[in-house]
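> Offset between the sequence shown (1-based) and my numbering: plus 320. We put the beta carbon where it would ideally sit given N, CA and C, even for glycine. Have a look at this one before I ask anything.
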Amino acid sequence: MNARLDYFTNPAVGKALKHFMACGREVKALPLPATTQELVALRVSQINGCAACIDMHTKDAAASGESAVRLNLVVAWREATVFSDAERAALALAEQGTRTADAGSGVDDDTWAYAAKFYDEEQLTALVMLVSFMNAVNRLNIITQQPAGSYEPGQFH
């Protein structure tokens, strides 16, 4: 499969993407546990069907020591016993923040309150920014049919 646009050789894409990825680095630096960030990024990408991001986040998480069991169970996190309550709250917020067309109202008050039990305002900001950023990146990759499978851990960091 070949991508519709080559992000690495197209000057117009490169110019804009440079700033977009700088935003991503700032989001990653916000005070949210790295494990939570990878789980959220993976779940958002699973919902959106972004193979390139699923490839990236599973490999980065595994390289950071995340277990295969937890990575495989992100897709069914509600039924899995391997996630903390805080991780569940972040995953619930990520799902509702991603499925806005399905839910109609975005993140409901109960989900927000549950997340607020585990994360302070700065961390909630990080969660909102991460979910929003991942949805944007997913769309960039899906629209241009970016292929998956060749990502090397840490390649874009």
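If you draw a straight line from the C-alpha of His-377 to the C-alpha of Gly-474, how long is it?
Roughly 10 Å separates the two Cα atoms.
> State the DSSP-derived secondary structure class of Ser-311, mapped to helix, strand or coil.
Because residue 311 is not part of the residues shown, which for the chain are 321 to 477, the question remains open.
> Which first and last residues belong to the alpha helix (DSSP H) in which Val-395 is found?
It is not in any alpha helix (DSSP H) - Val-395 carries neither H nor E in the DSSP assignment.
> Tell me which residues share the same chain as Ala-531 and place their Cβ nearer than 7 Å to its Cβ, disregarding the 5 neighbours each side in the sequence.
Beyond the ends of the chain as shown, which are 321 and 477, falls residue 531; an answer cannot be given.
> Assign Tyr-327 to one of three DSSP states: helix, strand, or coil.
Three-state DSSP puts Tyr-327 in coil, outside helix and strand.
> Evaluate Phe-453 with the Cβ neighbour count: other Cβ atoms within 10 Å of its Cβ, from every protein chain shown; 16 or more gives buried, anything less gives exposed.
Phe-453 comes out buried.
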